[in-house]
Amino acid sequence: MKTARIPATGREYPIGKIVCLARNYAEHARELGNETPAAPVLFIKPSSSVIGNGEAVIIPAYSQECHYEVELALLIGATARNVPEETAFELIAGYGVAIDMTLRDVQNQLKAKGLPWEIAKGFDTSCPLSDFVPAASVPDPHNLTLRLLVNGAVRQDGCTSDMINRIPRIIAHVSSIFTLEAGDVILTGTPAGVGPVAAGDLMDASISQIGTIRIPVS
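The number in our numbering is simply the position in the sequence shown, starting from 1, with 4 added.
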């Protein structure tokens with residue numbers, strides 16, 4: 005069973021569902037030729053997709069184009085449904101660093117056919133995830149710098165202030181569809197600069213005030 009840890013408090017949660025936002029940064033939506041959505045666009049990764057710091061992303065044989073997407077991760081600390089925006093922050097146990105690995109060629113092929121694209125997003129090793137810091141240790145999660153380097157070169161450099169849907173709206177919207185439970189994780193979208201990696205590459209993803217993960221690709 006995959007677990008999410010908050011080392012500072014000693015808390016550990018079995019990871020449940022991983023709910024992810026697409027197109028939550030306008031520049032990223034534009035770089036992929038997508039319209040800015042009127043409401044949050046959601047998809048889910050299974051908990052089996054999670055790997056930790058130092059573990060390797062394994063690109064499936066059915067893809068020739070695997071992209072990185074650095075994201076702020078929210079760890080849910082209690083069960084709730086239909087959470088009001090005004091109390092949404094109370095549900096967050098911690099913040100972490102995630103990389104949403106995406107098989108872009110597979111995703112584009114499936115989207116063109118009007119088919120679901122979970123196999124492009126939820127494959128084994130597609131969700132590198134750091135340990136979490138306590139939510140109380142991050143005064144303003146909408147003012148964090150996200151960066152991703154590939155082989156030492158900066159590829160993504162953005163700020164959570166550019167989110168289209170901010171955290172309270174995300175939690176309110178997600179909890180209106182899915183009951184949120186302790187151990188669930190929400191990935192809040194990625195800034196511009198996504199691109200491909202190949203076997204032998206090394207990714208370093210970081211978010212200010214939260215931490216860094218180093219993930220090799222094989």
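Positions of the beta carbon are idealized from the N, C-alpha and C atoms, including for glycine.
Helix, strand or coil: how does DSSP classify D128 here?
If DSSP states are grouped into helix, strand and coil, D128 belongs with coil.
Report yes if the C-beta of A140 is less than 6 Å from at least one heavy atom of the ligand GDP; otherwise report no.
Looking at this structure, you won't find the ligand GDP or any other ligand, since it has none at all.
Assign A124 to one of two classes, buried (16 or more other C-beta atoms within 10 Å of its C-beta) or exposed (fewer than that).
Buried is the call here.
Does the count of Cβ pairs from the region 170-190 and the region 205-221 closer than 8 Å reach three?
The answer is no - the region 205-221 does not touch the region 170-190, with fewer than three Cβ pairs under 8 Å.
Taking only the alpha-carbon atoms, compute the straight-line gap between P18 and S51 and give it to the nearest angstrom.
One C-alpha to the other measures close to 9 Å.
For P11, I'd like the list of residues in its chain whose CB is within less than 7 Å of its CB, leaving aside the five on either flank, ordered along the chain.
Here the set comprises D135.
Look at the alpha carbon of P41 and the alpha carbon of I219, and state the distance between them as a whole number of angstroms.
C-alpha separation (whole angstroms): 31 Å.
Can you tell which of I96, E90 and L133 has the C-alpha that lies nearest to the C-alpha of Y72?
Here the closest residue by C-alpha is L133.
If you drop the 5 nearest sequence neighbours on each side, which residues of the same chain put their C-beta closer than 8 Å to that of Q111?
W121, A124 and K125, listed in sequence order.
Among the residues of its own chain, which have a CB less than 6 Å from the CB of L25, if the five just before and after it don't count?
Contacts found: P44, T192 and G193.
Opposite G199 in the DSSP bridges: which residues?
Its beta-bridge partners are Y72.
Please confirm if the region 86-97 is in contact with the region 57-66, defined as three or more CB-CB distances below 8 Å between the two stretches.
Not touching, per the Cβ criterion.
Quick one: what does DSSP say R108 is sitting in, helix, strand or coil?
Note: R108 maps to helix in three-state DSSP.
For G100, which residues in the same chain have their Cβ closer than 7 Å to its Cβ, ignoring the five residues on either side in sequence?
Hits under 7 Å: A77, L79, L133, S134, D135, F136 and I214.
Confirm, please, whether the CB-CB distance from D128 to E69 is below 7 Å.
No; because the gap between Cβ atoms is not below 7 Å, this pair is not in contact.
Hey, out of K6, A82, V189 and E75, whose CA is closest to T106's CA?
Selected option, being the one with the closest Cα: E75.
Suppose you measure from the CA of G156 to the CA of N86; what does that come to, to the nearest Å?
Looking at the two C-alpha atoms, the distance is approximately 42 Å.
Residues in its own chain within less than 8 Å of G199 by CB, not counting five upstream and five downstream?
Within the same chain, G199 has close Cβ partners H71, Y72, V154 and R159.
Could you check if Y65 is buried or exposed, using at least 16 other CB atoms within 10 Å of its CB as the buried criterion?
Inspection of the sequence shows that residue 65 is occupied by Ala rather than by Tyr. Classification of A65: exposed, given that the 10 Å Cβ count is below 16.
Compare the Cα-Cα distances from I96 to each of T164, A84 and F47 and report the closest residue.
Of the listed residues, the one whose Cα sits closest to I96 is A84.
How big is the Cα-Cα spacing for E16 and K6?
Whole-angstrom Cα-Cα distance: 10 Å.
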